[in-house]
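Below: one structure, written as C-alpha cells.
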Amino acid sequence: MKVASLVTSICLSLALLSSASAQDAKYPKDIVHIVVGSSPGGTADTVSRLIADQLGKTFGQTFVVDNMPGAGGALAATTVKAAAPDGYTIGFVFSSFSILPSLNPKVNYNPVTDFAPIAKVSSAPNVLLVNPSFGVKTLAEWIEKVKANPGKFDYGSGGIGYSQHLSMEMLLQAIKGESVHIPFTGSGNLLAALISDQVPFAFDTLTTAVPHINAGELIPLAVTSAQRSEVLPQVPAVAEQVPGYELTAWNGFVAPKGTPPEIVKALNEAILAYLATDKAKEFFAKVGTKIDPSTPDKFGAVIGDDYEKFGKVISEAGIKAQ
Amino acid sequence: MDFLSNLALGFHVALAVNNIFFCFVGVLAGTLVGVLPGVGPLATIAILLPVTFSMEPASALIMLAGIYYGAQYGGSTTAILLNLPGEASSAITTLDGYQMARNGRAGPALAAAALSSFFAGTIATVIVALFAAPLSKVAMAFRPPSYFSMMVLGLIASVVLARGSVLKAIAMVLLGLLMGTIGTDIYSGTARLNMGMLELADGVDFVGLAIGLFGIAEILKNLEGHQTREVLTKKVTGLMPSLSDLKRIIAPTIRGTLIGSALGILPGGGAMLSSFAAYIVEKKVSKNRDEIGHGAIEGVAAPESANNAGSQTAFIPMLTLGLPSNAVMALMIGAMILQGIQPGPEIIVKQPDLFWGLIVSMWIGNLMLVLLNLPLVGLWVRFLTVPYPVLVVAVMAFSAVGIYSASGTLFSMGELGLFALLGYVFMKLGCEPAPLTLGFILGPMLEEQLRRSMLMSRGDPTVFLTEPISLGFLVAAVLALLIICAPAIARRREEVFVED
Amino acid sequence: MQNLKLNADMAAGLLFAGFGAWFAASAFSGLALGTTFRMGPGFFPAAVGLLLLVFGVVIAIKGWRVQNETVSLENVPWRALILFPLGLLLFGLAMRPLGLVIALLGLCLCASMAVKGMTPIRSVALSAAVTAVCVGIFSFGLDIGLPLLGDWLR
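Chains as they are written, first to last, in the numbering used here: chain B, 1 to 322; chain V, 1001 to 1500; chain Y, 2001 to 2154.
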C-alpha cells in the first residue's frame, strides 16, 4: 500500500510559478518547499520537519515539507533536480541519494553535477550484528569463518542498495568473502530475521540495534565508522581489522544546481546555527544520530566520495536493477 | 500475582485524567477519520505525529493507538452503509454488512460490528497482557517457508469467498496477485509492469483500488435503475440487534477473536489477513453458512471481531520486539523513538508503566468506542435516508478529496476512475471483487516469502516440506482443497445420475 | 440497444485471458525470470499470468458451450460511466491551478449530472452544498493542507 503524504506535493508547482518574480529582493519572499523522499513519520521526515520549522522562524517565512516517497528517494531527488534553482525548492536527502544512480540506470540524476549541496545535518554508522548461535564473538573470528565457507551463509539487509547491503558488500569485497544477500523490507523486518536466526548476520543502523544488543539477542562485532562510536565504545571499528573501510549513513540538504551561492550560504548558516542549539542536541540524541554539520563544500565532497565509492562496490558486486 | 499487579499499574496509568482525555481524543479522531473514505489511520497518525512531541510518552502512544483502532471502527461504518471500504479489513465487512443495510438492517449490522469488536478487544487485551512475552517467541518460529505455506492455505481457502462461480473467483484471486506485483521488485530494485509510470513505483494504491471496485462501482450499478430510487434501502427496521441476532453472533465472534489474535501476532502482516480468514472460516463452519454473503449478521461479526483482535495483538511484536507488522505500527515505532523510547525487548522491564498503561488504555479505548458508537448507530442509519443523488455526489467528493490528499497526484484520480469502471464491468460479468482484494494483499507477501525461501534453501523446493510448520500448513491446504472440491465432485455425480 | 445481450462467462473469460496474457507477456519480454535459486522479478508474474490466461480460456470455453448466463446491456448507465472518471480527472487537473473549491465544484457537477432526472438547477445547488461540507470537514476540520485557491488565483 502506498504510504501517503498529507502535506502534499501540490505546492511544488507553486514554488515554480512564484519563483520567477522573487529574484530581486531579499530571500525568501515566498514559501520554501523542502522535498523529502520518505513517507511522513520516519526519522528523516521528522528531522526535516523540525528543521523546516526552525528555518521558518529564522527567515520569517514558511518552509513546508513535501513528502515524496517512491523509488527509494529517487522521485524526490529527480523533482529537486528539475525545480527552478532559486532557493524555493530544496531537498532533504540521505545516503541513498548517492547510491541510487549507480544502482539503477533508470534513475536520472547525477548527485554531484545536478545539485548544489547546502549542508550535512547528521550521520550514523552501521553495526555488524551476528546471532549468538553463529558462534563468533569478534570480527576476526567472523572473517575467518566467512572466508572458510564461501557462499554458505546468508546475510540480510533492509533492502537492495540500502546502506546495510552496501556495508556488507564492501566488507566482503575487502576480505574476499562470499555470502548470499537476502533483502528484507526495512530495518524492522531485518532485525526480526536476525533475532529469529533466519539470517545469521547483517549490518544494521546502530540506534535501532542497541536495545537488542543490550538484551543479549544480538552480538555487535564492529561499527562502520572510521572511529569507534560513542554509543558502543567497547565495539571496534571495522577499520581496525580492515584498514580503509569506512561507511556512514548521513542526511542533509541540497538545492538544484545553479542556486545562487548567497542563498545556499544563508540556508547553510541558518541550519548550522540551529544544529548548535541545545534543543537540537537534545532532539538528535533522542533520535540517536550524531549531529554532523558541514559547509556546502564539505558536504559536496562527502556526496562525491560516496558516489564514487558505492559505484565501484555496486559494479564489482554485480548488483543492478534492470 | 504478577498479572494483577501489572494490570493495576496499567489502570493507574491509563486512568490518569490526562491519559483518559488523550485516549478519548484518539478514538474520537480515529472514528471520524475512519468514516471518511480515503483518509486512513496512517495519514491521521502522520499528521498528528508532530503534535505528540510535546506530550508525555504514555499519553502520546495512548492517543496514537486510539486513532488506530478508532479508525478501524469508523471504517466499518462506511463499509456497511455505503459499500465503501477504506481499508483491507473492511473490504470483507462490505460483503454482508452492505447487504444487511440494503435489507434495512443497517442498525443491527453496525451494532453487531461494535459489540463484536468490543468483545474481541477485551479478549485480545487479556491475551496481550498475559502472554505478550511468550507469544512473541512463537512468532519468531515462523520462517519464510512457513509464511509462504500459510498464504497458500489462505489462497486456497479464499475460493470460499465466491458467492457465484468458483472458477471466476479463482481468476479474480489470480488477477489480484498480478496487480500486487506491479511496482518495484524488492529483490532486484527493478521497476516492473508499471507501464513506465513513476507513480506506480510503489505499486497500485489499495485505497483507490478498494473504493473504486467496491464503492463507486456499486453506485454505478445502482444508477442502472429505470428511475433512480430516492432512497438507497428498504425501510429501516429496528436499530438494535434482536435477541436472536445476539445469540447468532456469539460463536462467530469468539471464533473471529481467536483467529484474529493468532494472526495478529505474526510480524509478517498477519493482522491484515485476519478478517479474511475469519470470514472464510465462518462461511464453512457457521450454522447459517448458507446465508453468509447475502446479509447474514455472522458475516459482519466474525471479520469485525477478528480485525479488532488482530490489530490489538499486532502490538505484541511491536512492543516486545520493536518489529512493525504494518505501516501504522512502523509509524508508532517512529513516534516512540522520537519520545526517546527504543521499542524492543527491554521495554517491559524498563518502562512497565508505559507498557501496561498502553495495554489497559486499549481496553478503555474499546469501551469508549462502544459507548460512542452505539448511540451513533441511529445517526449513521439516517444517512441512508438521504436522497440517493446527494449520497452519490457526497461519496464521489469525499473519496476524491481523501485519496488526493494522500497522494497529491492526478494519477491517483485516474486510478480511482479506472478501478470504478473495472469494478462495474466485473459486477456486470458476475465476478466478485473480494477475492481480487485478497489476492492483491497476499500477492506481494506470497512472492516475497517464496523467493526468500528459495534463496535461503539455495533453490531447493523441498524446504516447504521439511519445515514442520510449513508442512502443517501445506497438509491443511490439501485438506481444504479436498473439502472444497468434494461437494463439486458429488454434485457432478448427482448430475450424472439425474441424466441417467 | 434494446435486445443486446452479452454472454457473461465468455466476456469475463476473455477479459481474464487478456489480463493474464498481458502480464505474462510483459514479464517474459521485459523482466528476468531467474533461476529457482535466484528468482528474477519476472518469475512470479509470468507464472501467475500464464495461470490466469489458462483460467480465462477455460471460463470462456465454458461460457461458449453452456451459454446460460447473459447480461443485458439495456440499463448500462453510460452517462455515469463517462462522467465519473471525467469528473475525477477534472478534479485532479484543477487542484493545482484552481484549488480545492473549484475542483470540488467541478467534480460534484459531473457526478450529479450522472444521476438520471437531475436538473441543472438542482445539480448546482447540490454541488455547492456538498462542496461546502467537504471543504468544511477536510480543510477546516482536518487541515489536510490542500489549498482552497490554486496557483492561478492567488
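Even glycine gets a Cβ: it sits at the ideal position worked out from N, Cα and C. Since the model is a prediction, treat every value here as computed from it, not as a measurement.
Per-residue contacts from residue i into chain Y (C-beta, under 7 angstroms)
i: aspartate 1185 of chain V; result: Pro2041
i: phenylalanine 1398 of chain V; result: Cys2134
i: glycine 1417 of chain V; result: Phe2084, Pro2085, Leu2088 and Leu2089
Under 9 angstroms from the C-beta of residue i: neighbouring residues of chain V
i: alanine 2132 of chain Y; result: The premise fails here: alanine 2132 of chain Y is roughly 10 angstroms from chain V at the closest Cβ pair, so nothing lies under 9 angstroms.
i: phenylalanine 2055 of chain Y; result: Leu1167, Lys1168, Ile1170, Ala1171 and Leu1174
i: glycine 159 of chain B; result: Ile1186 and Gly1189
i: leucine 2104 of chain Y; result: Ala1397, Ala1400 and Val1401
i: alanine 77 of chain B; result: Chain V residues near alanine 77 of chain B: none, gap ~12 angstroms exceeds 9 angstroms.
Within chain V, partners of residue i - CB distance below 8 angstroms
i: aspartate 204 of chain B; result: Simply none; closest approach about 12 angstroms.
i: proline 183 of chain B; result: Ile1186 and Tyr1187
i: serine 2112 of chain Y; result: Pro1389, Val1392 and Val1393
i: alanine 2125 of chain Y; result: Neighbours of alanine 2125 of chain Y on chain V: none; closest Cβ ~10 angstroms, over 8 angstroms.
Within chain B, the residues that residue i reaches when beta carbons sit closer than 8 angstroms
i: isoleucine 1333 of chain V; result: Gly188
Strand pairing of residue i, partner residues [DSSP]
i: isoleucine 219 of chain B; result: B:Val130
i: isoleucine 291 of chain B; result: B:Ser122
i: asparagine 323 of chain B; result: The displayed coordinates of chain B run from 1 to 322. Any statement about residue 323 of chain B would go beyond what the structure contains.
i: histidine 181 of chain B; result: B:Tyr155
i: methionine 2039 of chain Y; result: Y:Gly2034
i: aspartate 204 of chain B; result: B:Val127
i: proline 117 of chain B; result: B:Val254
i: phenylalanine 92 of chain B; result: B:Val36 and B:Phe253
Contacts that residue i makes with chain Y (C-beta to C-beta distance below 8 angstroms)
i: tyrosine 1424 of chain V; result: Leu2081
Short CB-CB distance (under 7 angstroms) between residue i and chain Y
i: serine 1005 of chain V; result: no
i: arginine 1382 of chain V; result: no
i: arginine 1102 of chain V; result: no
i: glycine 1439 of chain V; result: no
i: threonine 1031 of chain V; result: no
i: glutamate 1230 of chain V; result: Confidence at glutamate 1230 of chain V is low in this model, with a pLDDT of 48, below 50, so the placement of that residue should be treated as unreliable; the coordinate-derived value is given next. No, because no Cβ of chain Y sits closer than 7 angstroms to the Cβ of glutamate 1230 of chain V.
Test: residue i CB closer than 7 angstroms to a CB of chain V
i: alanine 15 of chain B; result: In this prediction, alanine 15 of chain B has a pLDDT of 38, which is less than 50 and means its spatial position is unreliable; what the coordinates show is noted afterwards. False, the Cβ-Cβ gap to chain V never drops below 7 angstroms.
i: lysine 57 of chain B; result: no
i: glutamine 198 of chain B; result: yes
i: alanine 317 of chain B; result: no
i: aspartate 154 of chain B; result: yes
i: valine 2048 of chain Y; result: yes
i: alanine 82 of chain B; result: no
i: methionine 2121 of chain Y; result: For the record, residue 2121 of chain Y in the displayed sequence is isoleucine; it is not methionine. So no, isoleucine 2121 of chain Y is outside the interface.
i: proline 2045 of chain Y; result: yes
i: leucine 2153 of chain Y; result: no
i: phenylalanine 2028 of chain Y; result: no
i: leucine 2149 of chain Y; result: no
i: alanine 249 of chain B; result: no
CB contact check: residue i to chain B, cutoff 7 angstroms
i: glutamate 1521 of chain V; result: With chain V represented from 1001 up to 1500, any question about residue 1521 of chain V goes unanswered, as that position is not in the structure.
i: glutamate 1467 of chain V; result: no
i: glutamate 1346 of chain V; result: yes
i: arginine 1248 of chain V; result: no
i: arginine 1143 of chain V; result: yes
Chain V residues whose Cβ lies nearer than 7 angstroms to that of residue i
i: valine 2066 of chain Y; result: Chain V residues near valine 2066 of chain Y: none, gap ~11 angstroms exceeds 7 angstroms.
i: isoleucine 2059 of chain Y; result: Leu1167, Lys1168 and Ala1171
Residues that residue i contacts on chain Y, provided the C-beta gap is smaller than 9 angstroms
i: glycine 1430 of chain V; result: Ala2008, Asp2009, Ala2012, Glu2069 and Val2071
request  = Evaluate contact between the region 165–177 of chain B and the region 243–261 of chain B, counting only Cβ atoms and requiring at least three cross-stretch pairs below 8 angstroms.
outcome  = yes
request  = For the region 1154–1161 of chain V and the region 1402–1415 of chain V, state whether three or more C-beta atom pairs, one from each stretch, are separated by less than 8 angstroms.
outcome  = no
task = Scan the region 1192–1215 of chain V for residues whose Cβ lies nearer than 7 angstroms to a Cβ of chain Y and list them as they occur along the chain.
result = Arg1192 and Leu1193
task = Check distances from the C-beta atoms of the region 1075–1095 of chain V to those of chain D and list, in chain order, the residues that come in under 7 angstroms.
result = No chain D appears in this structure, whose protein chains are B, V and Y.
Stretch pair the region 121–133 of chain B + the region 189–202 of chain B: three plus CB contacts closer than 8 angstroms = yes
query = Relative to chain V, which residues along the region 105–137 of chain B have a C-beta separation below 8 angstroms, given in chain order?
reply = Hits within the stretch, in order: Lys106.
task = Pair every Cβ in the region 1281–1288 of chain V with every Cβ in the region 1237–1247 of chain V, then say whether three or more of these pairs are closer than 8 angstroms.
result = no
ask   = Should the region 2036–2054 of chain Y be called in touch with the region 1450–1470 of chain V, which here means at least 3 C-beta pairs below 8 angstroms?
value = yes
ask   = Three or more beta-carbon pairs under 8 angstroms between the region 1415–1429 of chain V and the region 2105–2125 of chain Y, yes or no?
value = The region 1415–1429 of chain V vs the region 2105–2125 of chain Y: no contact.
query = When Cβ atoms are compared, which residues of the region 273–284 of chain B fall closer than 7 angstroms to chain V?
reply = Those residues of the region 273–284 of chain B that come within reach of chain V (Cβ to Cβ, closer than 7 angstroms) do not exist; the list is empty.
ask   = Are the region 1429–1445 of chain V and the region 2127–2137 of chain Y touching by the rule of at least three beta carbon pairs closer than 8 angstroms?
value = no
contact_flag[the region 54–64 of chain B, the region 107–117 of chain B] where n(CB pairs < 8 angstroms) is 3 or more = no
request  = Check distances from the C-beta atoms of the region 1110–1126 of chain V to those of chain B and list, in chain order, the residues that come in under 9 angstroms.
outcome  = none
ask   = For the region 1091–1103 of chain V against the region 1114–1121 of chain V, are there 3 or more C-beta pairs whose distance is under 8 angstroms?
value = No: the two stretches stay apart, fewer than three of their Cβ pairs being nearer than 8 angstroms.
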